[in-house]
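Okay, structure first, notes after.
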Ligand SMILES: Nc1ncnc2c1ncn2[C@@H]1O[C@H](COP(=O)(O)OP(=O)(O)O)[C@@H](O)[C@H]1O
Ligand SMILES: [Mg+2]
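Residue numbers (the working numbering), protein chains in the order written: chain F, 13 to 393; chain X, 58 to 367.
Listed below in structure tokens is the structure:
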């Protein structure tokens, strides 16, 4: 036990003694989160002008428009179709949103109900698309709630709906909708970026941390360790434990810092602790597997960085997976980051431990596979 | 303390150690001399349980290495050929770590680390990072890391490679002192001066075999013609060399450099006078003539036809 602790504290000392560690561990992820997460939130003053065409002209479409207007980084102008076209060609708006006639009917049939037109290459397009999807989903829920409410109260559902959106408070059915509103706000750009960049930089730090295995092997430290009365199991436990603790310290501090600095609500602490734990074990395993499969530190950082950045792209660390083609979304299932993000998203949206069992189990699977590769390759010779 | 009987090791096709039998007594300083690739490091790795042996047996203090490796590791301190230290940590941190790996408790490890720093003469550099040390100082800490648990047997694998004469001297003195205090030493080197200085008994290894064992004197006595005459001439003339070869008592003539001739001569023959007169006759300008007495280097050269270094 003493030997395990000795290795563990030595590795931690090595990491935390390096000043550059703090930059990669904390400064970089926070800066990235701020840059990406705050990109739209910050220039709320100069919000994006969008033209909105209401073909439906009903109380429902008006409700949708009110909802859209509540978002800080866009500014809507209600116009007719012709004017919208003109504004777009003049480039005085960034895009045109058209709410189709009978759009509730379209929603019910799962057809496109809202159309977004924008000049090619509009940077904000994916973000807008996501925004509308969310708004429509919310509306859809509200309609469903109203229908259920109506069946209880024996009324026309649209009357209930009108009541519902006018009073914004009331029966049990409505409180569900409020929760849903809250969800849309909590999983925002900031919490998304915080989770994504925390994951990515924990992986990068783990790459440097597990580099100690390569160094120890190439410098003859492994051989020397084997001339001491320490067993291979003790050595391995010492290493895995130190990697895990370093990652845990980093992730925990990032959670604390992002919630203090950016107001991110990470959700249920127990679920969070367990999700972070299984994620870390898979990241530790991956780091060890890479470190033991390459010969030099240069190879390790090249292979490792490539792997981390490409899988982070695939796994939806930089942008939401909703905007990528379906086959890419399928590929994302084979990348631990996507499951981690899903877990964090659910927690932020108010899920408890029991609700995120799927991502936890999948990450555990990744951890088992990576750790067995990593540990079996550590032969100390 | 150490008994090796007919120990063999092969790596794939290559038989690296071809049946070594050795005995090292308690308190002895034993030298293992041999050129690079002779199998010294492999032999040491087998003694300290790092590499399993294929045949034979190794016993340390009556315990078989293959059967009770952990018991034996507690008794042995190994100084590896590489500097196996953490460069970004201080000398003290490194020593404390290795102490703990040998099973010392925190406070004990710290106290021992300070003592060891004193032994290797680096107390005032204890707080400095290893990466700021000179090669010689790193080597000294490398040795120190094997001393924390007060081993009964200290095995050193070429501990003085690539360092300045001062550090080398310091290391040799330290090891000698440790031996005088009762520690058994196995010292590996391809520098025969070091082995001659430290060790009473020596084994000479080549191509995975021990080709000679005994004390320095015993080994040198075995030499048929161990003494050398070193001639420094202005120009090496083939005719002169031919004449030298025919001289009575000359065993071998070597020309290591353009202006040097080495003669291997029988031990009790004095032939300087005849060489000087021969040089005069052949009109060879003889700048210097020196007698070099037989040593391990010559012994090795004679037994293998090669020099110890390279
Ligand atoms: N792990 C290994 N695998 C294969 N060959 C090895 C290994 N270790 C040493 N050798 C070979 O064994 C021979 C003896 O090496 P070594 O014991 O290091 O010699 P020395 O220490 O005397 O220089 C060399 O030819 C070397 O290439
Ligand atoms: Mg060697």
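From the three backbone atoms N, C-alpha and C, an ideal C-beta is built for every residue, glycine too.
Since the structure is predicted, the reported quantities are computational estimates derived from the model, not experimental observations.
query: Between the CA atoms of residue 217 (chain X) and residue 249 (chain F) - distance to the nearest angstrom; result: 34 Å
query: Residue 311 (chain F) to residue 302 (chain F) span [Cα, whole Å]; result: 9 Å
query: Residue-chain proximity (residue 13 (chain F), chain X), Cβ-Cβ < 8 Å; result: no
query: Chain F within 8 Å of residue 113 (chain X), Cβ atoms only; result: no
query: Assumed close pair residue 270 (chain F), residue 322 (chain F) - CB separation to whole angstroms, cut-off 8 Å; result: That belief does not hold up - the Cβ atoms of residue 270 (chain F) and residue 322 (chain F) are roughly 25 Å apart, past 8 Å.
query: Heavy atom of ligand 1 within 7 Å of residue 99 (chain X) beta-carbon; result: yes
query: Distance CB(residue 263 (chain F))-CB(residue 290 (chain F)) smaller than 8 Å; result: no
query: Classification of residue 199 (chain X) by the beta-carbon crowding that lies within 10 angstroms, buried from 16 upward; result: buried
query: Cβ distance (whole Å) where residue 111 (chain X) is taken to contact residue 65 (chain X) below 8 Å; result: 5 Å
query: Residues of its chain near residue 81 (chain X), where Cβ-Cβ distance is below 7 Å and the 5 sequence neighbours each way are ignored; result: 58, 59, 87, 241, 243
query: Heavy atom of ligand 2 within 7 Å of residue 139 (chain X) beta-carbon; result: no
query: C-alpha distance - residue 189 (chain F) paired with residue 32 (chain F), whole-angstrom precision; result: Low per-residue confidence applies at residue 189 (chain F): pLDDT is 29, beneath 50, and the placement is therefore not dependable, though the value from the model is reported in the following sentence. Roughly 47 Å separates the two Cα atoms.
query: Those runs of the alpha helix (DSSP H) which lie wholly inside the stretch 106-174 of chain F and span at least 4 residues; result: 115-120, 137-165
query: Residue 30 (chain F) at chain X interface by Cβ criterion, 8 Å; result: yes
query: Backbone CA spacing between residue 138 (chain X) and residue 388 (chain F) [nearest angstrom]; result: 27 Å
query: Extent of the continuous alpha helix (DSSP H) run through residue 101 (chain X); result: 97-104
query: Residue range of the alpha helix (DSSP H) that includes residue 4 (chain F); result: Examination of residue 4 (chain F) is not possible in this model, given that chain F is present from 13 through 393 alone.
query: Cβ distance (whole Å) where residue 122 (chain X) is taken to contact residue 203 (chain X) below 8 Å; result: At roughly 17 Å, the Cβ-Cβ gap does not stay under 8 Å, so residue 122 (chain X) and residue 203 (chain X) are not in contact.
query: Secondary structure, alpha helix (DSSP H): runs of 4+ residues fully inside the stretch 302-348 of chain F; result: 309-326, 338-344
query: Contacts that residue 137 (chain X) makes with chain F (C-beta to C-beta distance below 7 Å); result: 232, 235, 236
query: C-beta neighbour in chain F for residue 127 (chain X), strict 8 Å; result: yes
query: Chain X contact residues for residue 242 (chain F), given Cβ-Cβ distances below 7 Å; result: 158
query: Identity of the residue in X:133, X:185, X:268, X:238 nearest residue 95 (chain X) by Cα; result: X:268
query: Pairwise C-alpha distance: residue 39 (chain F) and residue 262 (chain X); result: 57 Å
query: Whole-angstrom distance between residue 192 (chain X) and residue 220 (chain X), CA atom to CA atom; result: 6 Å
query: Supposed close pair residue 106 (chain X), residue 129 (chain X) - CB separation, criterion 8 Å; result: 6 Å
query: Beta strand (DSSP E) segments (min. 3 residues) lying fully within the stretch 202-251 of chain F; result: none
query: Integer-rounded CB distance, given that residue 300 (chain X) should sit under 8 Å from residue 208 (chain X); result: Wrong, their Cβ atoms sit about 57 Å apart, outside the cutoff.
query: Straight-line gap, residue 155 (chain X) to residue 241 (chain F) (C-alpha atoms, nearest Å); result: 11 Å
query: Residue 26 (chain F) at chain X interface by Cβ criterion, 8 Å; result: yes
query: Interface residues of chain X facing residue 18 (chain F) [CB-CB closer than 7 Å]; result: 154, 157, 158
query: Which of helix, strand or coil DSSP assigns to residue 307 (chain X); result: strand
query: Minimum Cβ-Cβ distance from residue 118 (chain X) to chain F less than 8 Å; result: no
query: Residue 39 (chain X): CB within 7 Å of a non-hydrogen atom of ligand 2; result: Any question about residue 39 (chain X) goes unanswered here, given that chain X covers just 58 to 367.
query: Residue 282 (chain F) classed as buried or exposed, judged by whether at least 16 other C-beta atoms fall within 10 angstroms; result: exposed
query: Close beta carbons around residue 363 (chain F), own chain, < 8 Å, minus the five adjacent residues each side; result: 279, 280, 283
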